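Position one of the sequence shown corresponds to residue 190 (this note's numbering), numbered consecutively onward.
Structure first, commentary second.
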Amino acid sequence: MTIKLYNTASRRKEIFEPLEPGRVGMYVCGVTVYDLCHIGHARSAIVFDVLSRYLRARGFEVTYVRNFTDVDDKIIERAREMGRDPGDIAREYIRAFHEDMARLGVAPADHEPKATEHIDGMIRMIRTLMEKGFAYEVDGDVFYSIEAFRDYGALSGRKMEDLQAGSRVAVDAKKKNPHDFALWKAAKPGEPRWESPWGPGRPGWHMECSVMSSHFLGNTFDIHGGGRDLLFPHHENERAQSIAANGGGFARYWVHNGFVTVDSEKMSKSLGNFLTIRDALETYHPEVLRLFLLSKHYRTPLDFSREAVMDLQAGLLRIYRTLQRLEERIGSPKTDQDPTGALRNPAEGTFPADFVGVMDDDLNTAAAVGLLFEKVREINRLMDEGVSKELLHKERDDLMAAASVLGILRESPRDFELGLAEAAGRLDAGKIEDMIRQRAEARKARDWKTADAIRDRLKEMGVILEDGPGGTTWRPDV
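Okay, here's the thing in structure tokens:
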């Protein structure tokens with residue numbers, strides 16, 4: 190089986206062949222940390238989390254780098270509005286990002302560099318570009334000359350003459366060409382600054398990613414990812430300055446995820462139609478949100494609606510209830526083994542082979558989610574037929590291998606149902622446990638009237654009690 194990825198640079202699916210057999214270097218543009226992240230950021234993070242998980246499941250050793258832009262115009266403006274230090278703003282939202290990602294089940298990248306940690310490397314690259322004739326300095330600002338790089342526009346499919354004819358960029362008298370972009374920005378009062386050969390200032394946004402990617406992955410590496418909105422100008426500029434400074438081909442496969450939309454319009458802070466991850470998690474369970482963001486192919490737009498999310502919630506609940514049935518039949522799954530082992534060399538015609546087949550085809554998580562639901566229906570049928578425990582163990586292992594790649598089914602069935610109820614704002618676990626203790630004391634005192642009243646109240650709250658030899662357990666009625 191062969192992995193294929195859609196390469197934005199060639200505009201077609203290509204067989205994935207890493208530079209070094211068995212090893213993959215992947216760089217993904219992270220967030221600019223000036224505010225809480227929205228659902229569009231969550232989609233990008235989850236898509237590349239799944240790509241990293243899948244490559245590892247298929248036996249590759251992956252070095253995954255995802256950066257933080259912690260010095261930028263937006264951060265400076267936010268700090269000015271709030272009367273705070275830009276560095277404090279950046280640190281606050283980096284913490285918030287990590288908290289959001291942990292709840293969504295997004296694993297930390299192997300390296301998570303901050304732009305401010307690599308200023309010296311940026312100054313060195315800018316100096317190299319100037320020495321090679323690709324950059325020029327004016328009054329402490331340094332710009333990249335796009336006309337000096339003949340291949341400019343190749344990644345995004347833009348031609349130089351089209352850029353010039355349709356130019357809408359703000360006119361800057363310092364620039365030789367309106368589309369030349371800043372590599373170094375001269376310091377302004379109250380802004381963060383570093384010393385450089387051109388005077389105090391700070392790096393341009395595009396320069397940051399070029400230096401951080403090459404620092405960890407070398408001048409040429411396998412995969413560069415990010416949202417579709419970054420293709421131009423950010424990724425085009427990254428590619429131009431990196432190739433000009435370092436030679437080589439920079440990234441070999443460019444992978445871009447599509448937008449999250451609301452009423453077919455891109456979700457963004459500038460349009461004011463965004464939903465933060467935190468706000469979403471006040472209403473939806475993290476795994477439900479994650480599954481929703483994987484329910485369409487990563488390159489296609491994904492329209493956010495409550496109805497669509499709730500459909501996925503119902504489907505995920507069915508899966509968890511199937512896992513509960515399995516636990517009652519064959520016990521809890523083992524936790525001391527690699528759940529993805531079944532995906533290494535799957536036999537043709539099996540569920541793992543089908544899952545690998547759709548994931549090999551440009552990370553088709555939409556088809557993979559469909560296979561998961563089909564597998565659950567099959568497992569329920571097998572349990573109804575009373576098949577052997579050995580077969581049910583195999584079926585569950587196959588299901589969990591796929592779920593591990595998608596980053597779902599991380600909880601026990603009971604915890605998931607409780608999480609659904611808590612996300613809906615209906616249940617308080619602490620209060621419920623207190624009421625169950627009060628009921629137990631009433632039963633011990635043979636106060637059946639009080640015990641029955643507590644049971645009835647819990648039922649009204651949406652709590653199902655199950656009395657057994659080991660005591661009373663409960664689950665939400667969702």
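Note that beta-carbon positions come from the ideal geometry of N, C-alpha and C, so glycine has one too.
Since the model is a prediction, treat every value here as computed from it, not as a measurement.
- Message: Between which residues of its own chain and Arg-603 is the CB-CB distance below 7 Å, once the five residues before and five after are set aside?
- Response: Counting from one through the sequence shown, the residue named residue 603 turns up at place 414. Closer than 7 Å at the Cβ level, and outside the excluded window around Arg-603, lie Arg-664.
- Item | Alpha carbon of Asp-587 to alpha carbon of Ile-335, nearest angstrom | Taking the first residue of the sequence shown as position 1, residue 587 is located at position 398. Taking the first residue of the sequence shown as position 1, residue 335 is located at position 146. Approximately 51 Å, taken between the alpha carbons.
- Query: Taking Cβ to Cβ, would you say Leu-318 is nearer than 8 Å to Ala-433?
  - Reply: Position 129 of the sequence shown holds residue 318. Position 244 of the sequence shown holds residue 433. A contact, by the Cβ cut-off of 8 Å.
- Query: What residue does the beta strand (DSSP E) around Thr-554 start on, and which one ends it?
  - Reply: Numbered from its first residue, the sequence shown carries residue 554 at position 365. Here Thr-554 belongs to no beta strand (DSSP E); instead the alpha helix (DSSP H) covers 554-574.
- Item | Exposure of Lys-364, with buried meaning 16 or more beta-carbon neighbours within 10 Å | Position 175 of the sequence shown, counting from 1, holds the residue named residue 364. With 16 or more Cβ atoms within 10 Å of its Cβ, Lys-364 is classed as buried.
- Query: Taking C-alpha atoms, which residue in Ile-508, Gly-538, Thr-221 lies nearest to Arg-599?
  - Reply: Counting from one through the sequence shown, the residue named residue 599 turns up at place 410. Nearest C-alpha to Arg-599: Ile-508.
- Apart from the five residues just before and just after Ser-601, which ones in its own chain have a Cβ nearer than 7 Å to its Cβ? Within the sequence shown, numbered from 1, the residue matching residue 601 stands at position 412. If we look at Ser-601 and ignore the five residues flanking it on each side, it has no Cβ neighbours.
- When DSSP labels each residue in this structure, what does Val-295 get in the three-state scheme? Position 106 of the sequence shown, counted from the first residue, corresponds to residue 295. Coil.
- Item | Inter-residue Cα distance where the pair is Leu-372 and Trp-383 | The count along the sequence shown starts at 1 and reaches residue 372 at position 183. The count along the sequence shown starts at 1 and reaches residue 383 at position 194. Taking the straight line joining both Cα atoms gives about 14 Å.
- Who are the Cβ neighbours of Ser-385 in its own chain at under 7 Å, not counting the five residues just before and after it? Walking along the sequence shown from the start, residue 385 turns up at place 196. Same-chain partners within the cutoff: Ile-312, Trp-373.
- DSSP state of Ile-621 mapped onto helix, strand, coil: Counting from 1 along the sequence shown, the entry for residue 621 is found at position 432. In the structure shown, Ile-621 sits in a helix (DSSP, three-state: H, G or I).
- Task: Classify Thr-489 as helix, strand or coil using the three-state DSSP reduction.
- Result: In the sequence shown, the residue the question calls residue 489 occupies position 300. Reduced to three states, the DSSP call for Thr-489 is coil.
- Item | Minimum length 3: unbroken beta strand (DSSP E) runs contained in the segment 223-271 | 250-255
- Item | Option nearest Ser-457 by Cα separation, candidates Asp-224, Val-327, Asp-550 | Taking the first residue of the sequence shown as position 1, residue 457 is located at position 268. Closest by alpha carbon: Asp-224.
- Item | Selected residue, minimal CA-CA separation from Asp-262, among Glu-380, Glu-516, Leu-470, Phe-493 | Sequence index remark: in the sequence shown, residue 262 carries index 73 (1-based). It is Glu-380.
- Query: Would Leu-464 pass as a contact of Ile-653 if the rule is Cβ separation under 8 Å?
  - Reply: The count along the sequence shown starts at 1 and reaches residue 464 at position 275. The count along the sequence shown starts at 1 and reaches residue 653 at position 464. Cβ distance not < 8 Å, so Leu-464 and Ile-653 don't count as in contact.
- Item | Exposed unless 16 or more other CB atoms sit within 10 angstroms - verdict on Leu-609 | Position 420 of the sequence shown, counted from the first residue, corresponds to residue 609. Leu-609 should be labelled buried.
- Query: In whole angstroms, what is the alpha-carbon distance linking Lys-193 and Asp-623?
  - Reply: On the sequence shown, residue 193 is found 4 positions in, with the first residue counted as 1. On the sequence shown, residue 623 is found 434 positions in, with the first residue counted as 1. Near 54 Å, if we compare the C-alpha coordinates of Asp-623 and Lys-193.
- Message: Is the separation between the beta-carbon of Ser-345 and that of Glu-397 shorter than 8 Å?
- Response: Locating residue 345 in the sequence shown gives position 156, counting from the first residue. Locating residue 397 in the sequence shown gives position 208, counting from the first residue. No, the Cβ-Cβ distance between Ser-345 and Glu-397 is not below 8 Å.
- Asn-256 and Pro-302 look like a contact to me (Cβ under 8 Å); what is the Cβ gap, rounded to whole Å? Locating residue 256 in the sequence shown gives position 67, counting from the first residue. Locating residue 302 in the sequence shown gives position 113, counting from the first residue. Going by Cβ atoms, the distance from Asn-256 to Pro-302 rounds to 5 Å, so yes, they are a contact pair.
- Query: For Leu-512 versus Arg-232, is the C-beta distance shorter than 8 Å?
  - Reply: By 1-based counting over the sequence shown, the position of residue 512 is 323. By 1-based counting over the sequence shown, the position of residue 232 is 43. Result no, Cβ atoms of Leu-512 and Arg-232 do not sit closer than 8 Å.
- Message: Tell me the rounded alpha-carbon separation between Gly-689 and Thr-529.
- Response: This structure cannot settle anything about residue 689, because the visible part of the chain is limited to 190 through 667.
- Which residues mark the beginning and the end of the beta strand (DSSP E) in which Thr-661 is found? In the sequence shown, counting from the first residue as 1, residue 661 sits at position 472. It spans 660-665 - the beta strand (DSSP E) in which Thr-661 sits, taken as one unbroken run.
- Item | Distance CB(Val-239)-CB(Leu-552) smaller than 8 Å | Numbered from 1 along the sequence shown, position 50 holds the residue referred to as residue 239. Numbered from 1 along the sequence shown, position 363 holds the residue referred to as residue 552. It is a contact, given that the beta carbons lie within the stated cut-off.
- Task: Give the DSSP-derived three-state secondary structure of Met-548 in the structure shown.
- Result: For this step, residue 548 is matched to residue 359 along the sequence shown. Helix.
- Message: Here's a check: name, in chain order, each residue in its chain whose Cβ is nearer than 7 Å to the Cβ of Asp-550, leaving out the five neighbours to either side.
- Response: Taking the first residue of the sequence shown as 1, we reach residue 550 at position 361. The answer, listed in chain order, is Lys-193.
- Quick one: is Gly-575 buried, meaning 16 or more other Cβ sit within 10 Å of its Cβ, or exposed? On the sequence shown, residue 575 is found 386 positions in, with the first residue counted as 1. Counting Cβ neighbours within 10 Å, Gly-575 comes out exposed, since fewer than 16 surround it.
- Task: Take every Cβ of the segment 265-282, pair it with every Cβ of the segment 321-338, and state whether three or more of those distances are shorter than 8 Å.
- Result: no
- Task: In angstroms with no decimal places, state the Cα-to-Cα distance between Gly-248 and Asn-534.
- Result: Numbered from 1 along the sequence shown, position 59 holds the residue referred to as residue 248. Numbered from 1 along the sequence shown, position 345 holds the residue referred to as residue 534. So the two alpha carbons sit approximately 10 Å from each other.
- Enumerate in chain order the residues of its own chain whose CB-to-CB distance from Ile-466 is below 6 Å, with the five nearest sequence positions on each side excluded. What you label residue 466 is simply residue 277 of the sequence shown in a count that begins at 1. The residues are Cys-226, Ala-231, Asp-289.
- Between which two residues does the beta strand (DSSP E) containing Ile-204 stretch? On the sequence shown, residue 204 is found 15 positions in, with the first residue counted as 1. Segment 201-204, the beta strand (DSSP E) holding Ile-204.
- Task: Assess, as a yes-or-no matter, whether the segment 448-456 is touched by the segment 403-420 under the definition of 3 or more beta carbon pairs within less than 8 Å.
- Result: yes
- Task: Might you give, ordered along the chain, the residues of its own chain that have their beta carbon closer than 7 Å to the beta carbon of His-287, omitting 5 neighbours on each side?
- Result: Numbered from 1 along the sequence shown, position 98 holds the residue referred to as residue 287. There are no such residues.
- Item | Assigned exposure category for Ser-459 - 16 Cβ within 10 Å defines buried | Taking the first residue of the sequence shown as 1, we reach residue 459 at position 270. Label assigned to Ser-459: exposed.
- Flag this pair as yes or no: are the beta carbons of Phe-410 and Gly-214 separated by less than 8 Å? Position 221 of the sequence shown, counted from the start, is the residue given in the question as residue 410. Position 25 of the sequence shown, counted from the start, is the residue given in the question as residue 214. Their beta carbons are under 8 Å apart, which means Phe-410 touches Gly-214 by this criterion.
- Message: Comparing C-alpha positions only, which one of Leu-607, Met-589, Ile-625, Thr-258 sits nearest to Asp-527?
- Response: As a working mapping, residue 527 is identified with position 338 in the sequence shown. Minimum Cα distance to Asp-527 is reached at Met-589.
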